[in-house]
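Visitor: The opening residue of the sequence shown carries number 177 in the numbering used here; numbering runs sequentially from there.
For each residue, glycine too, the CB sits at the ideal point set by N, CA and C.
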Amino acid sequence: MTLLSNSLVALKKLNVIYVDRSLVVLNKPAGLLMQGTLSLDPAKRAGTIQPILEELQDILKQEQPLRTIHRLDKDTTGVILLARNPRIVTEVHKQMSTGQARKTYFAVVNDALLRSSANPTTGRITSPLLIDPHGHVSIGSPDTPSPQMESHKVKPARTTWEVLASSISHQCSLMQLGLETGYKHQLRVHLAQALECPIVGDTKYGGSATFDGVVSSLALHCRTISLL
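(1) Please name the residue or residues paired with His-397 in a DSSP beta bridge.
(2) State the DSSP-derived secondary structure class of Arg-334, mapped to helix, strand or coil.
(3) What is the residue span of the beta strand (DSSP E) that Gln-352 lies within?
(4) Around the Cβ of Lys-188, are there at least 16 other Cβ atoms within 10 angstroms (buried) or fewer (exposed)?
(5) Taking buried to mean at least 16 other C-beta atoms within 10 Å of its own C-beta, is Ser-402 buried or exposed?
(6) Could you please give me the residues that DSSP links to Tyr-194 through a beta bridge?
(7) Applying the criterion that 16 or more other CB atoms from any shown protein chain within 10 Å of the CB defines a buried residue, is Ala-222 buried or exposed?
(8) Give me, in chain order, the residues of the same chain whose beta-carbon lies closer than 8 angstroms to that of Ala-277; leave out the 5 immediate sequence neighbours on both sides.
(9) Using 8 angstroms as the threshold, is the segment 361-377 in touch with the segment 254-264, meaning 3 or more CB pairs across them?
(10) Just the Cα atoms here: how many angstroms apart are Met-351 and Gly-377?
(11) When the Cβ atoms of the segment 337-351 are set against those of the segment 304-312, are three or more pairs found closer than 8 angstroms?
(12) Three or more beta-carbon pairs under 8 angstroms between the segment 389-399 and the segment 245-255, yes or no?
(13) What residue ranges within the segment 258-282 form continuous alpha helix (DSSP H) runs of no fewer than 4 residues, ordered along the chain?
(14) What residue from Lys-220, Ala-219, Ala-206 and Val-200 has the CA that sits closest to Glu-231's CA?
(15) Answer with buried or exposed for Ala-385, where buried requires no fewer than 16 other C-beta atoms within 10 angstroms of its C-beta.
(16) Going by alpha carbons, who is nearest to Ile-264 out of Gln-240, Val-285 and Gln-362?
(17) Got a sec, what are the start and stop residues for the alpha helix (DSSP H) Ile-235 sits in?
(18) Measuring CB to CB, does Ser-198 end up less than 8 angstroms from Ile-235?
(19) Is Ser-349 buried or exposed, if buried means 16 or more other CB atoms sit within 10 Å of its CB?
(20) What are the partner residues of Leu-209, as DSSP defines its beta bridges?
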């Protein structure tokens, strides 16, 4: 095999789906922690993205380390952008903060409510997110101010949704989601608490632990990220 062929095979093994001079795009598997580490302790590096970043740097023969531009939850799968230089990090962050970058997701949800013919199959959720000092997320804002509530953060959040297919026998639906703002657990909380349709495998927010009798991981996948 040629050097180029060897590199392509190595990139494929790391779930790389796109490379150019500015970006590397990964299809992240479930269970991968996005936080890197400078530790050389194998126990601390296991299951993190750090070994992948270092291997990619070697394969691409790049002097500068690759940088993660954004994160997905540990059990969420899908598109992850890695920057090959600091300028790209700044540029993409600017697009994300101004709403120019668009993300779409697929999710399989428990949907006892949505399958009724009287309910719409598309919509937009605008419920704000309430984040407590411990990082726990819920929808809405505090009704009654109190000393304990003063440290909570209320974030305006927007999610679009569309039902693509439904299964009566499995009592679930496949949904496409548009992430207009990008806060921690936004999609998971909006679906579970605003639509009352938690994501399959998302036991933290009321989703079923099994699908078709089999233990399920979080059924949430980042499908696309569009940049200008």
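Guide: On the basis of the supplied data:
(1) DSSP lists Thr-253 and Phe-282 as partners of His-397.
(2) The answer is coil: DSSP assigns Arg-334 none of H, G, I, E or B.
(3) Where Gln-352 is concerned, the enclosing beta strand (DSSP E) starts and stops at 348-355.
(4) With fewer than 16 other Cβ atoms within 10 Å, it is exposed.
(5) Exposed is the label assigned to Ser-402, since fewer than 16 other Cβ atoms lie within 10 Å of its Cβ.
(6) In the DSSP output, where bridge partners are listed per residue, Tyr-194 has Val-201.
(7) Answer is exposed; the Cβ neighbour count stays below 16.
(8) Within the same chain, Ala-277 has close Cβ partners Val-268, Gln-271, Ile-401, Ser-402, Leu-403 and Leu-404.
(9) Between the segment 361-377 and the segment 254-264, the count of Cβ pairs shorter than 8 angstroms is below three; the stretches do not touch.
(10) Distance between the alpha carbons of Met-351 and Gly-377 is about 15 angstroms.
(11) Contact between the segment 337-351 and the segment 304-312 is not established, with fewer than three Cβ pairs separated by less than 8 angstroms.
(12) Touching, yes.
(13) Given a length threshold of 4 residues, each whole run of the alpha helix (DSSP H) inside the segment 258-282 is given here in chain order: 262-273.
(14) For Glu-231, the closest C-alpha among the options Lys-220, Ala-219, Ala-206 and Val-200 is that of Val-200.
(15) Ala-385 is exposed by the Cβ-count criterion.
(16) The residue from Gln-240, Val-285 and Gln-362 with its alpha-carbon nearest to that of Ile-264 is Gln-240.
(17) Per DSSP, Ile-235 belongs to the alpha helix (DSSP H) from 226-235.
(18) Contact: no.
(19) By the 10 Å Cβ count, Ser-349 comes out buried.
(20) Per DSSP, Thr-224.
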